[in-house]
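Peer 1: Take the sequence shown: its position 27, counted from the start at 1, is 26 in numbering that gives the first Met the number 0, and no numbers get skipped.
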Amino acid sequence: MIPEDLRYTAEHEWVVGAEGGNVRVGITQFAQDALGDIVFVQLPDSGVVVEAGESLGEIESTKSVSEIYAPVSGTVAARNEALADTPEVINSDPYGAGWLVEIVPADPAAVDGLLTADAYRELTES
């Protein structure tokens, strides 16, 4: 399942435009499936500046701990507080209620440089 209206990273994050010019970030169905049952998520606080390609948090599953990478540079505007109590929602709804953070992008055009659904599909099928 790779929604056509999202952009993707090679590290399996997705990005979509949100209100006020922010971008919402999460991990893909492919990533959550590879991780297995997610039991804990560590996310940055609002106001933290993140750099594209650098770690912005961690996801812990019953199998491993994985880094979450910032798809774009900018400032964290919000994080999904519900994940503190119910991180498993990332497994059941990675493209909806399982979103991770919203970022105010330093360069809104940077989203256009991310992978399209077709390019991400090609990446995960190879």
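Heads up, the beta-carbon is just placed ideally off N, CA and C, and yes, glycines get one too. Owing to the predicted nature of the structure, the values given are computational and were not obtained by experimental measurement.
In whole angstroms, what separates the C-alpha of G16 from that of L34?
Peer 2: When rounded, the distance between both Cα atoms is 25 Å.
Peer 1: Judging by CA-CA distance, which residue of E87, E101, S65, G20 is the nearest neighbour of V49?
Peer 2: Ranking the options by Cα distance to V49, first place goes to E101.
Peer 1: Extract the residue ranges of the alpha helix (DSSP H) inside the region 36 to 102, only unbroken runs of 4 or more that lie entirely within it.
Peer 2: Complete alpha helix (DSSP H) runs here, min 4: 88 to 91.
Peer 1: For L114, which of helix, strand or coil comes out of DSSP?
Peer 2: In the structure shown, L114 sits in a strand (DSSP, three-state: E or B).
Peer 1: So, for E53: in the same chain, excluding its five sequence neighbours on each side, which residues have a beta-carbon less than 7 Å away from its beta-carbon?
Peer 2: Excluding sequence neighbours, E53 sits near Y68, A69.
Peer 1: Where does P2 fall in DSSP's three states?
Peer 2: Looking at P2 - three-state DSSP - the assignment turns out to be coil, as it is neither helix nor strand.
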